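In the working numbering, the protein residues as written are 1 to 248.
Even for Gly, the Cβ is constructed at its ideal location relative to N, Cα and C.
Predicted, not measured: the structure shown is a model, and the values here were computed from it.
Reviewing the structure listed below.
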Amino acid sequence: MIYLTGLLLLLLWLVCGRHGWVIFGSLAGSFITLMLLVMLIADEFNPVVVGVILAVVLVYWAIYPNTPNPQVRRTALVCTLMTLLLLLALAVVFIYGTFSYGFASEDTEEIEQFVTSIGISFPQIQVIVVLLSSLGAVAEASIAISAGMWELVAYQPQISAQRLWAAGLALSRKNLITAFNTLLFGFFGSYLTLGLWFLQLHYAPVKIINNVIVSTAVVELVLAFGGILLVMLLVNGYIIWQRRHQTR
């Protein structure tokens, strides 16, 4: 672990120079924040409350150290936090509505030596898992769109709101394809062995659809993709609103 961390730091320094230290610091801060989240939940703090508070900290680590432009930084931060609040509400509805939490029979071999009656709410933990799993993609999309739109505004200060909105949507569509492919490949990579399990044991399609693991993964994927769509629209609208507010 120490050798891999040192190798990562060396590669960041070789590729990014001094900025590599900033990137490594943000990664270290995010890791410490996640470890703190796990310890607080293990100490029976409310998972949703702790998760939301530390999600804001993770957004800070993802955006502030790596975004030097103050306009881009502010836009990305505000839109990402707004999106996470909306995703939190959607995650509660989807997870409790579809019962996408807890363990399935396929997890028996991994958890048979543990006791699951540990006084922690599995639905609340799943809400935080969904929120944190989509956080990186949402923050990345918000930075990319806001950076592109503010650069367009800098080169064309007199651009109309309609043209800026159209340009923002065009930029969003290009980033949307990349973000969706990233999420989709991650989904298939994470659950490839489960898919092979289903195929080799000849699971019925209905049983696959109703499986807890599959439904949980689908909810995570859908909400992450929805969060990316939402943050792109919010960034476009927020930048146009900011320009109108500044010109008054």
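How close, in whole Å, do the beta carbons of residue i and residue j come, if the pair is a contact with beta carbons under 8 Å?
i: W165; j: N236; result: 6 Å
i: I120; j: I41; result: 7 Å
i: L221; j: F187; result: 5 Å
i: G227; j: S134; result: 5 Å
i: N224; j: L183; result: For clarity, residue 224 is Ala in the given sequence; the question names Asn instead. The pair is a contact, with the Cβ atoms about 5 Å apart (cut-off 8 Å).
i: I240; j: A161; result: 5 Å
Which same chain residues, not among the five before or five after residue i, have their C-beta less than 6 Å away from its C-beta?
i: A147; result: V72
i: C79; result: S142, V231, L234, V235 and Y238
i: F24; result: L9 and L12
i: M149; result: G168 and I239
i: R256; result: Shown here, the chain extends from 1 to 248; a query on residue 256 therefore has no answer.
Beta carbon of residue i, beta carbon of residue j: below 8 Å?
i: G250; j: L34; result: Because the chain spans 1 through 248 in this model, residue 250 falls outside it and cannot be assessed.
i: G136; j: A62; result: yes
i: L81; j: V59; result: yes
i: L12; j: G6; result: no
i: L176; j: A55; result: no
i: L171; j: I145; result: yes
i: V22; j: T98; result: no
i: T67; j: A76; result: yes
Give the straight-line distance between the Cα atoms of residue i and residue j, rounded to the nearest whole angstrom.
i: V48; j: A139; result: 20 Å
i: W197; j: Y191; result: 10 Å
i: A167; j: A154; result: 14 Å
i: P205; j: L199; result: 10 Å
i: L27; j: N181; result: 23 Å
i: N211; j: V15; result: 44 Å
i: Q156; j: R244; result: 15 Å
i: L4; j: Q242; result: 43 Å
i: F185; j: L85; result: 26 Å
i: M1; j: M39; result: 20 Å
i: E151; j: I159; result: 12 Å
i: A179; j: L201; result: 33 Å
i: K207; j: R173; result: 35 Å
Check whether the Cβ of residue i lies closer than 8 Å to any Cβ atom in chain B.
i: V49; result: You won't find chain B in this structure, because it holds only one protein chain.
Leaving out five residues before and five after residue i in sequence, what residues of the same chain have Cβ atoms less than 8 Å from its Cβ?
i: V127; result: P47, V48, G51, L88, A91, V92 and I95
i: V129; result: E220
i: L229; result: L176
Kindly indicate which three-state DSSP category residue i falls into: helix, strand or coil?
i: F45; result: coil
i: L84; result: helix
i: Y203; result: coil
i: Q124; result: helix
i: S190; result: helix
i: R263; result: Beyond the ends of the chain as shown, which are 1 and 248, falls residue 263; an answer cannot be given.
i: N236; result: helix
i: Q242; result: helix
i: N175; result: helix
i: Q71; result: helix
i: M39; result: helix
i: Y64; result: coil
i: M149; result: helix
i: N181; result: helix
Here's a check: name, in chain order, each residue in its chain whose Cβ is nearer than 7 Å to the Cβ of residue i, leaving out the five neighbours to either side.
i: Y64; result: R73
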